[in-house]
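The C-terminal residue of the sequence shown carries number 1492 in our numbering, and the numbering is unbroken. Input: a single structure, listed below in structure tokens.
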Amino acid sequence: MVINPNALGLDLPPGTLRVQPSLWYADEPATPDTWAHLLRAREATGMQPVLLTETQYLHTGLVADPDDHDAATTLAGLWDELAEEDSGGAPEPFSAAWPGLAPASRAATGSGPDDAAARLAAELTGADDLLKGARGALVPARRSADIPAVLGWGGAREHTEPVRLSAVLRSWEDRFGIRVVGLGPDVLTVSVAAPPRTPADALAVAAEHHAFCPDGVRDGYDTLRAYADEEVLDRPDWTFWWD
């Protein structure tokens, strides 16, 4: 049974407990201080905070357990599928063979994953972009990375299932301190407490991004190296979208 945060007397904005899939969802758009309230609710309920736009494609048939999937195997499979679909093969400087997982990074002193997520959430609530008008939500997930799988989030469209996204996100949570902060109908934004600090490491992560969300890499960048330099290296947030 999912706990109703409103029944615990928590300092939350008005909201509603929804079912199939289960989540608590605020009635009004988030404000810069919403995330702090959600974090306190996480401590009381075990539910994970996230900002959700009003339009979502959530499917109970896509709800699954990420424990059944491995990040390295998932990314290798997605990489191979893309190589078969793309007549040009793998993006330079990589070959058709999956290059493997990038090395982990260290977070800056005094800046943990929750701090990075709070900063990004505050920025998103004031931005006029793809997540405009997003509302605070609490999801009964064991960890932030599991949110897409628990919601049956269909934002990746035909590319892959949400449980495979969550398997990769779990690995990024462990290696780079990510938190899932925002979800739109086809947009996923994560905070990154420990982004890659060298061009070589950023390029290795960019290869993972290409497998995870090729549309976000291809749209606007001629090379994977250019994407890595602009969107991965020292970046405190990563945003993915699927056409």
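C-beta atoms are modelled at their ideal positions from N, C-alpha and C, and glycine is treated no differently.
When the options are compared against residue i, the one with the closest alpha-carbon
| i | options | result |
| --- | --- | --- |
| Leu-1379 | Val-1436, Leu-1288 and Asp-1486 | Val-1436 |
| Ala-1325 | Leu-1287, Leu-1414, Lys-1381 and Leu-1300 | Leu-1414 |
| Ala-1365 | Val-1399, Phe-1425 and Asp-1335 | Phe-1425 |
| Arg-1291 | Leu-1272, Ala-1313 and Ala-1345 | Leu-1272 |
| Glu-1341 | Asp-1492, Leu-1452, Asn-1253 and Asp-1483 | Leu-1452 |
| Ala-1477 | Trp-1491, His-1459, Ala-1321 and Lys-1381 | His-1459 |
| Glu-1372 | Thr-1409, Val-1439 and Gly-1361 | Val-1439 |
| Ala-1351 | Gly-1469, Glu-1479, Ser-1420 and Ala-1279 | Ser-1420 |
| Pro-1362 | Trp-1490, Pro-1278 and Arg-1428 | Arg-1428 |
| Trp-1347 | Asp-1335, Arg-1355, Asp-1329 and Ala-1356 | Asp-1329 |
| Ser-1354 | Leu-1301, Leu-1327 and Val-1454 | Val-1454 |
| Ser-1360 | Ala-1345, Val-1441 and Asp-1335 | Val-1441 |
| Lys-1381 | Arg-1467, Thr-1302, Met-1296 and Ala-1293 | Thr-1302 |
| Arg-1391 | Tyr-1470, Leu-1418, Glu-1479 and Met-1296 | Met-1296 |
| Arg-1218 | Leu-1418, Ala-1356 and Gly-1469 | This structure leaves residue 1218 out entirely; the chain is present only between 1250 and 1492. |
Burial state of residue i (16 or more Cβ within 10 Å)
| i | result |
| --- | --- |
| Asp-1260 | exposed |
| Ser-1393 | buried |
| Asp-1486 | buried |
| Glu-1422 | buried |
| Thr-1472 | exposed |
| Gln-1269 | exposed |
| Gly-1258 | exposed |
| Pro-1315 | buried |
| Thr-1323 | buried |
| Ala-1256 | exposed |
| Thr-1304 | exposed |
| Ala-1370 | buried |
| Ala-1475 | exposed |
| Ala-1279 | buried |
| Ala-1275 | buried |
C-beta atoms of residue i and residue j nearer than 8 Å
| i | j | result |
| --- | --- | --- |
| Ile-1396 | Val-1299 | yes |
| Gly-1404 | Gly-1433 | yes |
| Ala-1416 | His-1308 | no |
| Pro-1389 | Ala-1398 | no |
| Gly-1401 | Val-1481 | no |
| Pro-1281 | Thr-1374 | yes |
| Ala-1367 | Trp-1284 | yes |
| Trp-1491 | Arg-1406 | yes |
| Leu-1327 | Thr-1409 | yes |
Anticipated Cβ contact below 8 Å, residue i with residue j, distance rounded
| i | j | result |
| --- | --- | --- |
| Phe-1343 | Ala-1456 | 6 Å |
| Ala-1332 | Ala-1339 | 5 Å |
Residue i CB to nearest heavy atom of the ligand PLP below 7 Å
| i | result |
| --- | --- |
| Gly-1310 | For the ligand PLP, the structure offers nothing, since it holds no ligand at all. |
| Can we say the segment 1264-1283 touches the segment 1375-1391, given the rule of at least three CB pairs closer than 8 Å? | Short answer: they touch.
| request: Check whether the segment 1458-1474 touches the segment 1438-1447, counting contact only when three or more Cβ pairs, one atom from each stretch, lie closer than 8 Å. | output: no
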